[in-house]
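When the letters of the sequence shown are read in order and numbered with our numbering, they come out as residues 3 to 200.
Idealized CB from N, CA, C, for every residue including glycine.
Owing to the predicted nature of the structure, the values given are computational and were not obtained by experimental measurement.
Contents: one structure, followed by commentary.
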Amino acid sequence: METKILLIRHGETLWNREFRKQGQRDVPLSDLGREQAAKLAGYLKDETFSAIYASDLSRAKETAQLVAKPHRLPVTVFPEFRERNFGEWEGLMDEEVKRKYPDWKEVTLNGGKYGVETVKAMQKRFSEKCEELAREHFGGQIAIVAHGLCIHMFLHAVTGGEYGPQREKLKNTSMTRLIYHQNGRWTVESYNEVPHLQ
Numbered sequence: 003m004e005t006k007i008l009l010i011r012h013g014e015t016l017w018n019r020e021f022r023k024q025g026q027r028d029v030p031l032s033d034l035g036r037e038q039a040a041k042l043a044g045y046l047k048d049e050t051f052s053a054i055y056a057s058d059l060s061r062a063k064e065t066a067q068l069v070a071k072p073h074r075l076p077v078t079v080f081p082e083f084r085e086r087n088f089g090e091w092e093g094l095m096d097e098e099v100k101r102k103y104p105d106w107k108e109v110t111l112n113g114g115k116y117g118v119e120t121v122k123a124m125q126k127r128f129s130e131k132c133e134e135l136a137r138e139h140f141g142g143q144i145a146i147v148a149h150g151l152c153i154h155m156f157l158h159a160v161t162g163g164e165y166g167p168q169r170e171k172l173k174n175t176s177m178t179r180l181i182y183h184q185n186g187r188w189t190v191e192s193y194n195e196v197p198h199l200q
């Protein structure tokens, strides 16, 4: 028995375009982000899903709702799928963080200062919820719409570091396909695919 998991990064937001830290701020999709999500929905319309899940932040939720519409499925949201909490960095541009916080590298790696969530805490909440849902849907396929960094760090955790932030940045509305096996092992089938945008 196995479960297919489709991990999707949300569509573009204006803060993505500005290289501004979003974290858990509720930033909506841009017009381009909605267009990307609509194209993704068209691409996935003939696939079969047991359920569609998302982070409760609107950029992920709205992307998921567009994907779910052709399937007439509800979107169930979970705060466990939120992006990393960046504390007082949220709303700042990447360059501002680097300029104002000399220890930004160390804090990015470890968290625990300025309200920045630790990587371990983010991985734990995301991984535990993913595994719980995967176990609920053995024999089926589920989609989870979430955020770039938390998807990266989840992949890093379940692949022993083979995948993660050292790879190319996840594109907006990219698809990463995994299989969850009954023995608790994860297999990455594809990574960061955007055929709907080509």
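Once the 5 residues before and after residue i are set aside, which same chain residues still bring their CB inside 7 Å of it?
i: P72; result: A43 and K47
i: P197; result: Y45
i: S52; result: H139, G142, Q143 and I144
Which residues in the same chain as residue i place their Cβ atom closer than 6 Å to its Cβ, once the five residues preceding and following it in sequence are excluded?
i: W106; result: V99 and K100
i: A66; result: I54, A56, V77 and V147
i: K227; result: Residue coverage of the chain in this structure runs from 3 to 200, which leaves residue 227 outside it and unanswerable.
i: T120; result: G113 and G114
Is it the case that the Cβ atoms of residue i and residue j are separated by a distance below 9 Å?
i: V75; j: L180; result: For the sequence presented, residue 75 should be read as Leu rather than Val. Going by C-beta atoms, L75 is not nearer than 9 Å to L180.
i: F83; j: Q24; result: no
Where does residue i sit, in a helix, a strand or coil, going by DSSP?
i: A21; result: Just to set this straight, residue 21 is Phe in the shown sequence, not Ala. Reduced to three states, the DSSP call for F21 is coil.
i: E201; result: Any answer about residue 201 is impossible in this case: the structure gives the chain only from 3 up to 200.
i: V183; result: Checking the displayed sequence, the identity of residue 183 turns out to be His instead of Val. Looking at H183 - three-state DSSP - the assignment turns out to be strand.
i: L172; result: coil
i: M201; result: It is not possible to answer for residue 201, since the shown part of the chain is limited to 3 through 200.
i: L206; result: Because the chain here runs from 3 to 200, residue 206 falls outside it and cannot be looked at.
i: E14; result: coil
i: Q205; result: This structure leaves residue 205 out entirely; the chain is present only between 3 and 200.
i: E138; result: helix
Can you tell which of the options has its C-alpha closest to the C-alpha of residue i?
i: P81; options: T65, M124 and E108; result: M124
i: F21; options: R86, Q38, E97 and D28; result: E97
i: H183; options: Q143, V196 and L151; result: Q143
i: Y193; options: G186, H158 and R187; result: H158
i: G13; options: K122, L151 and K173; result: K173
i: G35; options: R19, Y116 and Q24; result: R19
i: D58; options: P30, A39, E164 and K122; result: P30
Apart from the five residues just before and just after residue i, which ones in its own chain have a Cβ nearer than 8 Å to its Cβ?
i: F140; result: M3, E4, T5 and Q184
- [ ] Any chance you could list the alpha helix (DSSP H) runs of at least 4 consecutive residues sitting entirely within the segment 46-119, in chain order?
- [x] 60-70, 96-102 and 106-112
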